[in-house]
Amino acid sequence: MTPLFTRSMTVVVTSLTAVVALVVGSSPASAIVGGQDATQNYPGVASLTIALPDGRTAWCGASLIHPKWLLTAAHCVSEDAPAPTPVAVPGGTVSARVGSADRTAGVLVTGRQVYLHPDWMWGALAGRPVSDLALVELTQPVRASITLISLTLLGVGDPGRLVGWGLTQFPPPQPVTIPVTLQQRDTTRLPTNMCAGGSPSDGEFCVDGGACYGDSGSPALRRSPLGWASIGITSRETTAEPSCGGPGIYTDPTYAPFPAWMLQMMRKPKLQPCTCPPTIYSTDNARKNLFKPLITT
Numbered sequence: 001m002t003p004l005f006t007r008s009m010t011v012v013v014t015s016l017t018a019v020v021a022l023v024v025g026s027s028p029a030s031a032i033v034g035g036q037d038a039t040q041n042y043p044g045v046a047s048l049t050i051a052l053p054d055g056r057t058a059w060c061g062a063s064l065i066h067p068k069w070l071l072t073a074a075h076c077v078s079e080d081a082p083a084p085t086p087v088a089v090p091g092g093t094v095s096a097r098v099g100s101a102d103r104t105a106g107v108l109v110t111g112r113q114v115y116l117h118p119d120w121m122w123g124a125l126a127g128r129p130v131s132d133l134a135l136v137e138l139t140q141p142v143r144a145s146i147t148l149i150s151l152t153l154l155g156v157g158d159p160g161r162l163v164g165w166g167l168t169q170f171p172p173p174q175p176v177t178i179p180v181t182l183q184q185r186d187t188t189r190l191p192t193n194m195c196a197g198g199s200p201s202d203g204e205f206c207v208d209g210g211a212c213y214g215d216s217g218s219p220a221l222r223r224s225p226l227g228w229a230s231i232g233i234t235s236r237e238t239t240a241e242p243s244c245g246g247p248g249i250y251t252d253p254t255y256a257p258f259p260a261w262m263l264q265m266m267r268k269p270k271l272q273p274c275t276c277p278p279t280i281y282s283t284d285n286a287r288k289n290l291f292k293p294l295i296t297t
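Heads up, the sequence shown is in UniProt numbering, so the first residue is 1 and it goes up one at a time.
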């Protein structure tokens, strides 16, 4: 078993005036670089916040796929400190804003329970999918439009769109802030070998860049006859050096085992222990330097 990721598309974390990259697994996903303010409505896209035990707050994205359920990246809502396997954060520490491109507006919802996909892991065995997806059950139904999930994945070269509230520049200007308005950027699916640096597995695909710190869990979208539909969940970057804007790896919610698991959990929620092996971390000093605070003032 070897370290699987260089770094995932990172969660943005703040402690009062300090904003840092939160290291979960290798490194979780980022914000839209080179994009623009959202020009239209993207139903069900949500801004996710997670209250951490040390008093900081982590930001990710999510999609409302049912009035009582959010879909996001597993690395956004898991802790790997309780070795040997990651555990879900308490549902009550998760909240989201749904129904607005303004991350400070929309309907405020609170989590009841977090369900990690049981195969979720950063360190993977050969032939095992990474399964970077999780469901957040809400305390009550939300009266808001939901995000459709596409029945098929993009073909290589087909157009899609990335959305999120992550960083819009990297390195970020000081002081570091994340956008209030949802960002969008057009993209295309790339051949898998373009993301080889991030070791993509089954149930994942590669897209042209744009995601950065804070975009983890946000959807990649495609146009469908019924409107925008999700074809991906932001997972991680593919380079060892912080960059943002390069090719990114997305979890594929159309991969047959994933929608089957989602439907099973929404019909009959049941906590399932993670079956994955422990995460293997690099001890390389250069790798450690990737996770220095972005700002401390």
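Even glycine gets a Cβ: it sits at the ideal position worked out from N, Cα and C. This one's a predicted model, so the numbers in the text were calculated from it and none came from an experiment.
Below-9 Å beta-carbon distance, residue i vs any chain D residue
i           : result
residue 176 : Structure shown: chain D not included; a single protein chain is present.
Sub-9 Å separation of residue i and residue j beta-carbons
i           : j           : result
residue 51  : residue 95  : yes
residue 140 : residue 114 : no
residue 182 : residue 54  : no
residue 46  : residue 111 : no
residue 195 : residue 166 : no
For residue i, three-class secondary structure by DSSP
i           : result
residue 226 : coil
residue 259 : helix
residue 192 : helix
residue 198 : helix
residue 36  : strand
residue 140 : coil
residue 75  : helix
residue 183 : strand
residue 103 : coil
Through-space distance from residue j to residue i, alpha-carbon basis
i           : j           : result
residue 40  : residue 170 : 25 Å
residue 173 : residue 260 : 43 Å
residue 99  : residue 164 : 14 Å
residue 70  : residue 193 : 31 Å
residue 301 : residue 62  : Since the first residue of the chain shown is 1 and the last is 297, residue 301 is not available in this structure.
residue 203 : residue 154 : 13 Å
residue 191 : residue 206 : 7 Å
residue 149 : residue 159 : 16 Å
residue 175 : residue 75  : 26 Å
residue 101 : residue 92  : 24 Å
residue 238 : residue 77  : 21 Å
residue 231 : residue 252 : 6 Å
DSSP bridge partner residues for residue i (one or two, in chain order)
i           : result
residue 49  : 59, 95
residue 248 : 207, 237
Any non-hydrogen atom of the ligand GTP closer than 8 Å to residue i Cβ
i          : result
residue 64 : Looking for the ligand GTP in the displayed structure turns up nothing, as the structure carries no ligands at all.
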